[in-house]
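Peer 1: Counting with the numbering used here, you get residues 2 to 186 for the letters of the sequence shown.
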Amino acid sequence: MSIKSLPLDQFLATLAAKQPTPGGGAAAAVGAAIGNAAASMAAAYTTRKQDSESGAKVKAEALQSAMDVAEFLQAADDDAKAYADLQRTWKEPMPAEEKAAIEAKALAIPTKLVETCHKNIVSIHGFLPYCNTNITSDAKVGIHTLAGAARAAYQTVLVNSPPDEEKLRLLALLKEIRDVEDELL
């Protein structure tokens, strides 16, 4: 089952079911996709004639091209597969190298999700001064939704037992995200 091809109501029913996947990592990735979509919509509304004259249209087009929804939907599928593979390591004997590779992938997916959410939040925040003033709330929704997704992804990182220095690095990114949110609030 590909999460990215499921209707929203079916994804939510699958997420709510008593089954291991999709789980929190996939939920975080879908939330991030929604945040990207909201920010992209705000950028799309900043492409009027007056935005061309002010230079805001160029900023809007750059933001739109950076807000890749498909990347996050793929991450949802990747996370579900990685967790299913991780479960296999608990049940089946396998070489230590194979187990380590599976564990590393299960950690890498939510780690990248936190990093990408951070990067996109910084991009959206930088776009806000250029955003069509009638729709800045949607760009901010994008930031807040991505922030929630980043925090959710961090919880998935934690269940994968990252090294302490990795936790600290990701917490620093989450602090920067929180600072942006606090500024907006």
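For every residue, glycine included, the Cβ atom is placed at its ideal position computed from N, Cα and C. These figures come from a predicted structure and were not determined experimentally.
In whole angstroms, what separates the C-alpha of E98 from that of E62?
Peer 2: Numbered from 1 along the sequence shown, position 97 holds the residue referred to as residue 98. Numbered from 1 along the sequence shown, position 61 holds the residue referred to as residue 62. Cα-Cα distance, rounded: 44 Å.
Peer 1: What distance in whole Å lies between the Cβ atoms of L74 and C118, which are believed to be in contact at a cut-off of 8 Å?
Peer 2: Here residue 118 is taken as the residue at index 117 of the sequence shown, counted from 1. Here residue 74 is taken as the residue at index 73 of the sequence shown, counted from 1. The pair is not a contact, with the Cβ atoms about 14 Å apart (cut-off 8 Å).
Peer 1: Looking only at its chain, what residues have a beta carbon closer than 7 Å to the beta carbon of P23, apart from the 5 residues adjacent to it on each side?
Peer 2: Numbered from 1 along the sequence shown, position 22 holds the residue referred to as residue 23. Only I4, T15, L16, A77, A81 meet the Cβ criterion.
Peer 1: Compare the beta carbon distance of V115 and A71 with 7 Å and say whether it is the shorter of the two.
Peer 2: In the sequence shown, the residue the question calls residue 115 occupies position 114. In the sequence shown, the residue the question calls residue 71 occupies position 70. Taking 7 Å as the Cβ cut-off, V115 and A71 do not qualify as a contacting pair.
Peer 1: Check each candidate in D69, F12, R49, D52 and name the one with the smallest Cα separation from I122.
Peer 2: Walking along the sequence shown from the start, residue 122 turns up at place 121. When only C-alpha atoms are compared, the closest one is D69.
Peer 1: Pick out the complete alpha helix (DSSP H) segments inside the region 80-152, 4 residues or longer, and give them in chain order.
Peer 2: Taking only runs of at least 4 residues, the alpha helix (DSSP H) segments lying wholly in the region 80-152 are 97-128.
Peer 1: Name the residue from S6, A40, V158 whose alpha carbon lies nearest to the alpha carbon of Y84.
Peer 2: As a position in the sequence shown, residue 84 is number 83, starting the count at 1. Considering only alpha carbons, the answer is V158.
Peer 1: Just the C-alpha distance for V31 and C132, rounded to the nearest angstrom, thanks.
Peer 2: Residue numbering aside, residue 31 sits at position 30 when the sequence shown is read from its first letter. Residue numbering aside, residue 132 sits at position 131 when the sequence shown is read from its first letter. Each residue's Cα considered, the two are about 24 Å apart.
Peer 1: G143 and A34 - do their beta-carbons sit closer together than 7 Å?
Peer 2: In the sequence shown, counting from the first residue as 1, residue 34 sits at position 33. In the sequence shown, counting from the first residue as 1, residue 143 sits at position 142. In this structure, G143 does not lie closer than 7 Å to A34 by Cβ.
Peer 1: I think A44 touches F128, with their Cβ atoms under 8 Å apart; what is that distance to the nearest whole Å?
Peer 2: Along the sequence shown, read from residue 1 onward, the residue named residue 44 stands at position 43. Along the sequence shown, read from residue 1 onward, the residue named residue 128 stands at position 127. With 8 Å as the limit, A44 and F128 qualify as a contact, their Cβ atoms being about 7 Å apart.
Peer 1: According to DSSP, simplified to helix, strand and coil, what is T22?
Peer 2: Start at 1 with the first residue of the sequence shown, and residue 22 comes out as number 21. Note: T22 maps to coil in three-state DSSP.
Peer 1: From P164 to E54, what distance separates their C-alpha atoms?
Peer 2: The residue given as residue 164 occupies position 163 in the sequence shown. The residue given as residue 54 occupies position 53 in the sequence shown. Rounded to the nearest angstrom, the two C-alpha atoms are 50 Å apart.
Peer 1: Is DSSP giving Y155 helix, strand or coil here?
Peer 2: Sequence index remark: in the sequence shown, residue 155 carries index 154 (1-based). Looking at Y155 - three-state DSSP - the assignment turns out to be helix.
Peer 1: Give me the residue from G56, A101, K92 with the minimum Cα distance to N161.
Peer 2: Mapped onto the sequence shown, residue 161 falls at position 160. Of the listed residues, the one whose Cα sits closest to N161 is A101.
Peer 1: Can the beta-carbon of M42 be found closer than 7 Å to that of D139?
Peer 2: Position 41 of the sequence shown, counted from the first residue, corresponds to residue 42. Position 138 of the sequence shown, counted from the first residue, corresponds to residue 139. Going by C-beta atoms, M42 is nearer than 7 Å to D139.
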